[in-house]
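A.B. asks: Got a structure for you, written out below as structure tokens; questions coming shortly.
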Amino acid sequence: MSSQPLPAPRAILFDLDGTLADTAPDLAGAMNRVRIKRGLEPAPYDILRPVASAGARGLIGAAFGLAPGDEGFEELKVDFLDTYAGALAVDTRLFDGVGELLAALDGHGLAWGIVTNKASRFTDPLVPLIGLLHAGCVVSGDTTPHSKPHPEPLLEAARRLGLAPEHCWYVGDDLRDIQAGRAAGMPTVAAAWGYCGKSEPVTWEADAIAKTPLDILGLIRSSL
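Below is the structure:
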């Protein structure tokens, strides 16, 4: 992590799951309904929550010990995604401070957008349900031919905002987010309030680490 201030942004791009929104309760709930249908006890929430940013791959790995390519993985994935699609925003909420952060960005004339690996099948209905309809752009996991850590989704978001990548910060709670941001030539901020997987954000080589959403405002002030 650099000790130098980040360059002043013209836009802030955010990951969705684990960064803007606490989606883990509904993701874990869907996964446990899949387990219950198979006669299994629900998996402990504290096992499922840290892998929520990894989507079906991470949750199936935690709940069933299976990885892509393993026998039965694809069947579980289809069942999980169909189950989740039916209950996207039962307990999903914006993280504390996110609403204030986005209002402050709007007030300062800074654009903001969403870049997520979540498929548009889920992103499109979820975004308005949780109050993020005013995002300057929404790039889902299937908007481009690639998903993070490939830089193309972030580059597409910059194009949609009419900005050069170096004028956008990318904020995310997973190593893939920081890798994608670096590959896109964007300053990166690790969202330490999020799920963060199995590794510590300090190891990701992000340009900065924010412990809370409102810390982003401090980073912006330091950059000016």
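If you want the working numbering, it's the position in the sequence shown, counting the first as 1, plus 1. Idealized CB from N, CA, C, for every residue including glycine.
#1: With H, G and I counted as helix, E and B as strand and the rest as coil, what does DSSP make of A159?
#2: Does the stretch 75 to 91 come within contact of the stretch 22 to 37, defined as at least 3 CB pairs closer than 8 Å?
#3: Which word fits L134, buried or exposed, when buried means at least 16 other C-beta atoms lie within 10 angstroms of its C-beta?
#4: Counting Cβ pairs closer than 8 Å, one from the stretch 131 to 150 and one from the stretch 110 to 117, do we hit at least three?
#5: With which residues is L127 paired in a DSSP beta bridge?
#6: Could you work out which residue in G142, A105, L106 is closest to A120 when comparing CA atoms only?
#7: Run the CB neighbour count on K149, radius 10 Å, all protein chains shown included, and call it buried at 16 or more, exposed below.
#8: Got a sec, what are the start and stop residues for the alpha helix (DSSP H) T236 sits in?
#9: Cβ of L49 within 8 Å of Cβ of A68?
C.D. replies: So, from the listed chains and residues:
#1: Against the sequence shown, residue 159 aligns to sequence position 158. Of the three classes helix, strand and coil, the one that applies to A159 here is helix, per DSSP.
#2: yes
#3: On the sequence shown, residue 134 is found 133 positions in, with the first residue counted as 1. Flag for L134 reads exposed.
#4: yes
#5: By 1-based counting over the sequence shown, the position of residue 127 is 126. In the DSSP output, where bridge partners are listed per residue, L127 has none listed.
#6: One-based indexing of the sequence shown puts residue 120 at position 119. The residue with the shortest Cα to Cα distance from A120 is G142.
#7: In the sequence shown, counting from the first residue as 1, residue 149 sits at position 148. Buried, because 16 or more other Cβ atoms sit within 10 Å of the Cβ of K149.
#8: The chain is shown from 2 up to 225; residue 236 falls before or after that span and cannot be answered.
#9: Here residue 49 refers to the residue found at position 48 when the sequence shown is read from its first residue. Here residue 68 refers to the residue found at position 67 when the sequence shown is read from its first residue. No, the pair does not count as a contact, with Cβ atoms beyond the cut-off.
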